[in-house]
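Undergrad: Top to bottom, those sequences are chains A and B. In terms of this note's numbering, the first sequence has 299 at position 291, counting the first letter as 1, and numbering is strictly consecutive. In terms of this note's numbering, the second sequence has 52 at position 35, counting the first letter as 1, and numbering is strictly consecutive. Ideal Cβ placement from N, Cα and C applies to all residues, glycine included. This is the structure I have questions about; it appears just below.
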Amino acid sequence: MSTSFDFEKPIADLQQQIDKVKQVADKTKVDMSATLAELNGKVEEAKQQVYNNLTGWQRVQISRHPDRPQTFDYVSMMCDDFLELHGDRTVKDDKAIVGGFATIAGQSVMIIGHQKGKNTKERQYRNFGMANPEGYRKALRLMKLAEKFNKPVITLIDTMGAYPGLEAEERGQGEAIARNLLEMSVLKVPILSFIIGEGASGGALGIGVGDKVYMLENSWYSVISPESCSSILWRSWDYKEQAAEKLKLTSGDMFANKLIDGVIPEPLGGAHQDPKYMADVVKEQILKDLKTLSKKKIDDLVNARIEKFCSMGVVEE
Amino acid sequence: MAWFKREKKGIITTTEEKKEAPDGLWNKCPNCKKPLHYTEQVENKYVCHYCNYHLRIGSKEYFSILFDNNEFTELFGNLKSGDPLHFEDTKKYTERLEDSYKKTGLNDAIRAAQGKVNGIDMVIACMDFSFIGGSMGSVVGEKIARSIDHCIKKKLPFLMISKSGGARMMEAAFSLMQMAKTSAKLALLSKAGIPYVSLLTDPTTGGVTASYAMLGDINIAEPGALIGFAGPRVIKETIKKELPKGFQTAEFVLEHGFLDFIVDRRHLKSKLSAFLRMVE
């Protein structure tokens with residue numbers, strides 16, 4: 009087994025027992041199938057027990073699993089063809105936000121998403137999926153391109169946040185995100201957004217103003233990461249579990265609070281357990297929505313998008 | 018020479034006869050530490066006479082500086098925060114709100130009002146830093162959204178005075194979505210051809226910078242104001258280097274092309290009305 013979490017220990021322990029029994033069976037040629045069947049049953053039971061009772065913090069951990077599929081994984085599994093496009097035409101090409109035209113089941117779409125990287129070297133190259141302003145400006149440029157050719161936009165969100173760096177401030181991180189929020193709210197093509205992993209704050213929302221916004225079951229989406237929330241409100245890094253609960257950042261909570269349009273179920277244990285299946289589910293949702301959204305008049309679509317975001321918030325009068 | 022000899026011991030003025038110097042009559046400039054008299058401060062638009070430091074003020078003061086004769090009609094003043102997440106950290110959110118109501122006399126971190134500025138009818142929304150750090154939650158987002166609707170309906174220019182540490186964590190994703198909400202409304206305001214001036218004051222950071230504060234037809238700021246997306250402490254921890262002097266000041270942001278100009282508070286009213294007359 010690859011990376012596993014503390015809360016998965018009961019499952020890992022049983023798995024280990026199974027491996028041992030198998031070894032013994034192989035060596036001694038004794039029929040252990042009954043024991044194995046029993047253990048396999050126990051593993052399934054343990055999995056149900058663990059994965060059906062995940063806490064907010066445990067889901068945050070799953071959302072960061074190193075093998076969790078990222079934008080390029082979805083692109084390669086969902087799309088027949090992909091043409092990556094680079095650069096914001098002003099400063100440089102950001103590596104943390106990637107995008108380009110793609111075909112899904114014969115339809116042209118613009119796909120834009122965060123790419124965190126899979127190994128240390130790639131993670132550094134991708135700045136861990138934390139975009140600089142030029143990433144948001146590249147995303148906007150590609151969305152405008154999609155608008156010009158009347159192609160729908162699909163965004164895949166997976167970021168710990170917009171990069172809090174010196175140059176990012178010099179080049180206007182705040183302005184870049186703000187501009188995207190404004191432009192996306194009135195973009196004249198359908199926009200579908202999926203939180204595929206982490207959805208931290210403005211860095212996520214900066215490509216997330218969609219007609220439909222979905223969260224994968226084990227993703228999270230909030231105004232701040234539980235760690236940073238803990239350090240600010242509790243003045244200590246030790247309250248991240250509580251912060252994760254209090255922020256109500258899971259897909260279930262976000263849907264219950266009407267802040268997203270739906271939850272995409274993941275394979276048991278997380279998207280990394282079966283990336284192909286995960287990609288198929290996302291693809292199916294995309295095709296379904298494109299079919300219904302393309303029937304709507306674009307002005308109605310834009311008005312409904314604005315109306316949706318403007319209805320969010322709880323005030324008393 | 019008996020006059021300098023203290024003949025009676027101790028303080029002999031009775032408590033009843035004691036003359037109190039009213040609180041806040043004098044205070045110290047936080048920058049140059051020189052004493053400032055309250056009435057002079059008001060006359061000088063809360064700018065230090067000695068070093069031109071712009072003191073941190075709230076909506077009450079900004080309205081009095083900008084609206085003719087301090088006459089205005091407050092808009093949507095009754096909006097108050099809910100507690101959709103039943104949030105609790107070291108303290109319950111509802112308790113924090115109650116404390117802030119008591120401490121500030123405000124209903125949330127923003128007030129909006131319609132009135133005349135040098136004869137021009139307009140709407141001004143102004144944030145109050147004293148209310149939970151001027152943080153943006155549902156009320157801030159909703160009041161800005163309604164103010165913009167009001168401006169579109171009545172064809173009135175809009176001035177937004179930002180002063181905020183960013184989104185309000187206690188409303189988590191609800192706060193986050195106020196960024197999308199206000200930006201979407203500003204798109205509609207822009208489509209209606211109505212002027213929008215964004216004034217960034219000390220401090221303007223986080224989700225406020227990453228939404229309405231940076232989206233003005235013109236973005237202007239007060240001198241020396243801290244303006245940024247990420248806070249300086251976070252950036253320092255991330256890059257593990259000392260930040261250059263003057264980093265994230267209004268002057269720095271102007272230099273990098275994200276502000277149209279820096280305005281001394283004493284000239285704010287005249288510059289604002291001059292701009293609005295030019296684009297009328």
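(1) With distance defined between alpha-carbon atoms, name the residue in A:ILE294, A:LEU267, A:ALA287 nearest to A:SER319.
(2) So with Cβ pairs under 8 Å, would you call B:GLU159 a contact of chain E?
(3) Do we get a CB-CB distance below 8 Å when we pair A:LEU224 with the residues of chain B?
(4) Any beta carbon from chain B within less than 8 Å of A:CYS87's own beta carbon?
(5) Quick one: which chain B residues come within Cβ less than 9 Å of A:TRP242?
(6) Is B:LYS180 near B:MET144, with beta carbons less than 8 Å apart?
(7) Entirely within the region 225-312 of chain A and at least 4 residues each: give me those alpha helix (DSSP H) ranges in chain order.
(8) Would you mind telling me which residues of chain B sit closer than 7 Å to A:GLU183, beta carbon to beta carbon, in chain order?
(9) Out of B:PRO212, B:LEU123, B:ILE137, which has the shortest C-alpha to C-alpha gap to B:ILE6?
(10) Compute the Euclidean distance between the alpha carbons of A:VAL32 and A:SER41, then round it to the nearest angstrom.
(11) Could you list the residues in the region 183-201 of chain A with a C-beta less than 9 Å from some C-beta on chain B, going in chain order?
(12) For A:GLU178, decide whether its Cβ has a neighbour in chain B, counting only Cβ atoms nearer than 8 Å.
(13) Would you mind listing the alpha helix (DSSP H) stretches within the region 87-132 of chain B that are 4+ residues and don't spill past its ends, in chain order?
(14) Report yes if the CB atom of A:GLY277 is closer than 8 Å to the CB atom of A:TYR59, and no otherwise.
(15) Would you say B:GLY224 faces chain A, with C-beta separation under 8 Å as the test?
(16) Grouping DSSP H, G and I as helix and E and B as strand, with all else coil, what is A:GLN123?
(17) Using a cut-off of 7 Å between C-beta atoms, extract the partners of B:GLY150 located in chain A.
(18) Counting only beta-carbon separations shorter than 8 Å, does A:SER71 have a partner in chain B?
(19) Let me check understanding here. Comparing Cα to Cα, which of A:VAL322, A:ILE294, A:LYS316, A:LYS305 lies closest to A:GLN115?
(20) Using a Cβ cut-off of 7 Å, pull out every chain A residue sitting near B:VAL156, in sequence order please.
(21) Is there at least one Cβ from chain A nearer than 8 Å to B:GLY27's Cβ?
(22) Which residue or residues does DSSP assign as beta-bridge partners of B:PHE175?
(23) Report buried or exposed for B:MET295, applying the criterion of at least 16 other Cβ atoms within 10 angstroms of its Cβ.
(24) Between the C-alpha atoms of A:ILE165 and A:TYR82, what's the straight-line distance to the nearest angstrom?
(25) So, helix, strand or coil for B:ALA291, using DSSP?
(26) How about A:ILE204 and A:TYR229: are their beta carbons less than 8 Å apart?
(27) Relative to the C-alpha of A:ILE272, which residue among A:MET223, A:LYS305, A:TRP242, A:LYS152 is closest?
(28) Could you check how far apart the C-beta atoms of A:LEU213 and A:LEU189 are, in whole angstroms? I think they sit under 8 Å.
(29) What residues match up with B:ASN69 in a beta bridge as DSSP calls it?
(30) CA-CA distance, B:CYS168 and B:LEU243?
(31) Chain B beta carbons: is any one of them nearer than 8 Å to that of A:VAL217?
(32) With a cut-off of 8 Å on the beta carbons, I'd call B:TYR79 and B:ILE235 a contact; round off their distance for me.
(33) Taking Cβ to Cβ, would you say A:GLY207 is nearer than 8 Å to A:LYS146?
(34) For a minimum of 3 consecutive residues, which ranges assigned as the beta strand (DSSP E) are wholly contained in the region 74-134 of chain A?
(35) Which word fits B:TRP11, buried or exposed, when buried means at least 16 other C-beta atoms lie within 10 angstroms of its C-beta?
TA: The short version:
(1) Distances from the CA of A:SER319 to each of A:ILE294, A:LEU267, A:ALA287 were compared; the closest alpha carbon is that of A:LEU267.
(2) No chain E appears in this structure, whose protein chains are A and B.
(3) For A:LEU224, the closest Cβ of chain B is not nearer than 8 Å.
(4) False, the Cβ-Cβ gap to chain B never drops below 8 Å.
(5) Taking a Cβ-Cβ cut-off of 9 Å, the neighbours of A:TRP242 in chain B comprise ASP106, THR107, given in sequence order.
(6) With respect to B:MET144, B:LYS180 sits close: the two C-beta atoms are nearer than 8 Å.
(7) Complete alpha helix (DSSP H) runs here, min 4: 234-241, 248-254, 259-264, 283-302.
(8) Ordered by position in chain B, the residues that pass the 7 Å Cβ test against A:GLU183 are MET231, PHE275.
(9) Examination of residue 6 of chain B is not possible in this model, given that chain B is present from 18 through 297 alone.
(10) Between A:VAL32 and A:SER41, the C-alpha separation is close to 12 Å.
(11) GLU183, ALA184, ILE185, ALA186, ARG187, ASN188, LEU189, LEU190, GLU191, MET192, SER193, VAL194: these are the residues of the region 183-201 of chain A whose beta carbon lies less than 9 Å from some beta carbon of chain B, given in chain order.
(12) Look at A:GLU178: its C-beta is under 8 Å from a C-beta on chain B.
(13) Fully contained in the region 87-132 of chain B are the following alpha helix (DSSP H) runs of length 4 or more, in chain order: 110-121.
(14) In terms of Cβ geometry, A:GLY277 and A:TYR59 form a close pair [threshold 8 Å].
(15) Yes - at least one Cβ of chain A is within 8 Å of the one on B:GLY224.
(16) Coil.
(17) Simply none; closest approach about 10 Å.
(18) Taking Cβ atoms only, chain B never reaches closer than 8 Å to A:SER71, which makes this a no.
(19) It is A:ILE294.
(20) Ordered by position in chain A, the residues that pass the 7 Å Cβ test against B:VAL156 are VAL323.
(21) By this cut-off, B:GLY27 is not an interface position.
(22) Answer by DSSP bridge pairing, in chain order: B:VAL140, B:TYR213.
(23) Residue environment: B:MET295 is assigned as exposed (fewer than 16 neighbouring CB atoms within 10 Å of its CB, all protein chains considered).
(24) Separation of A:ILE165 and A:TYR82 (C-alpha to C-alpha, rounded to the nearest whole angstrom) is 12 Å.
(25) Under the three-state reduction of DSSP, B:ALA291 is assigned to helix.
(26) No, the Cβ-Cβ distance between A:ILE204 and A:TYR229 is not below 8 Å.
(27) Here the closest residue by C-alpha is A:MET223.
(28) Contact holds; Cβ gap of about 7 Å.
(29) DSSP links B:ASN69 through a beta bridge to no other residue.
(30) Their Cα atoms are separated by approximately 29 Å.
(31) Taking Cβ atoms only, chain B reaches closer than 8 Å to A:VAL217, which makes this a yes.
(32) The distance from the Cβ of B:TYR79 to that of B:ILE235 is about 17 Å, inconsistent with a contact at the 8 Å cut-off.
(33) One thing to note: A:GLY207 has its Cβ no nearer than 8 Å to the Cβ of A:LYS146.
(34) DSSP runs (the beta strand (DSSP E)) wholly in the region 74-134 of chain A: 89-92, 105-112, 115-122.
(35) The structure shown has nothing for residue 11 of chain B, since chain B only spans 18 to 297.
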